[in-house]
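Residue numbers for the sequence shown follow the numbering used here, so the first one is 41 and each next one is one higher. The C-beta atom is built at its ideal place from N, Cα and C for all residues, glycine as well. Working notes for the structure below.
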Amino acid sequence: MALIPPGEEPICFIHCDMSKDMVQDVIFLFRKFRQKFQRLEDIASVIRKTFDFKYGPLWTALIGLHFTAHVTYEPGHYVQFYAGQLGFVLYRSHNSLFRVKLYEAEASYLFRSYKKKKKRRKVIGGKLQKRKKPKKKKPKKKKPTKE
């Protein structure tokens, strides 16, 4: 029996609800990174990050030996297959639109707070320093009047 090198195993699809372009990308990336990386965690991480960048955020990648998955996913964004004994699942979360809005709002808030902090700082002598806040004036004490 001849050994099949990593990344060249035949692909057996269990479930596929994805466009042909996405499936081709998944297979290409899986084979490419299966040859490049030894750790399964690295393969899943790189494929997930690539899909986040190319097709929008909130993808999840699962990889392991002899497993199955049952998840809720956004229609048209799920694939599960085996390459030899190695199982792979890639899907996009069903609630992704809500989460994207949440992430956008959080990022917007962080950016605004960063800009506020940046405004208070200036460069003095080549070093970034905070501006001095103006001192609050103390209220004058009233002198007691003589009657």
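CB contact flag (residue 55, residue 120, <7 Å): Taking the first residue of the sequence shown as position 1, residue 55 is located at position 15. Taking the first residue of the sequence shown as position 1, residue 120 is located at position 80. Yes; because the gap between Cβ atoms is below 7 Å, this pair is in contact.
Drop a sphere of 10 angstroms on the beta-carbon of residue 110, count the other beta-carbons inside from all chains shown, and report buried for 16 or more, exposed for fewer. As a first step, residue 110 must be located in the sequence shown, where it is residue number 70. Residue 110 is exposed by the Cβ-count criterion.
Keeping to the same chain, check which residues put their C-beta closer than 8 Å to that of residue 136; ignore five residues upstream and five downstream. Start at 1 with the first residue of the sequence shown, and residue 136 comes out as number 96. At residue 136, the pLDDT of 47 sits below 50, so the modelled position is not reliable and the matter cannot be decided from this model.
Do you know whose CA, among 100, 87, 102, lies nearest residue 235's CA? This structure leaves residue 235 out entirely; the chain is present only between 41 and 187.
What number of angstroms, rounded off, separates the C-alpha of residue 64 from the C-alpha of residue 103? The count along the sequence shown starts at 1 and reaches residue 64 at position 24. The count along the sequence shown starts at 1 and reaches residue 103 at position 63. In a straight line, the C-alpha of residue 64 is about 18 Å away from that of residue 103.
Taking a contact to mean a Cβ-Cβ separation below 7 Å, would you say residue 79 touches residue 46 in this structure? Indexing the sequence shown from 1 puts residue 79 at position 39. Indexing the sequence shown from 1 puts residue 46 at position 6. No.
Under the three-state reduction of DSSP, which class applies to residue 85: helix, strand or coil? Start at 1 with the first residue of the sequence shown, and residue 85 comes out as number 45. Reduced to three states, the DSSP call for residue 85 is helix.
Which of the three DSSP states is assigned to residue 79 in this structure? Position 39 of the sequence shown, counted from the start, is the residue given in the question as residue 79. Three-state DSSP puts residue 79 in coil, outside helix and strand.
Mapping the DSSP letters down to three states, classify residue 108 as helix, strand or coil. Within the sequence shown, residue 108 is the residue found at index 68, counting from 1. Of the three classes helix, strand and coil, the one that applies to residue 108 here is coil, per DSSP.
Can you name the start and end residues of the beta strand (DSSP E) that residue 126 belongs to? Here residue 126 corresponds to residue number 86 of the sequence shown, with the count starting at 1. Taken as a continuous stretch (DSSP letters only), the beta strand (DSSP E) holding residue 126 covers 126–133.
Within a Cβ cutoff of 8 Å, which residues of the same chain sit near residue 77, ignoring the five residues on either side of it in sequence? Position 37 of the sequence shown holds residue 77. Once the five neighbours on either side are set aside, the close Cβ partners of residue 77 are 83, 86.
Less than 7 Å separating the beta-carbons of residue 66 and residue 105? Here residue 66 refers to the residue found at position 26 when the sequence shown is read from its first residue. Here residue 105 refers to the residue found at position 65 when the sequence shown is read from its first residue. For residue 66 and residue 105, no; Cβs fall outside 7 Å.
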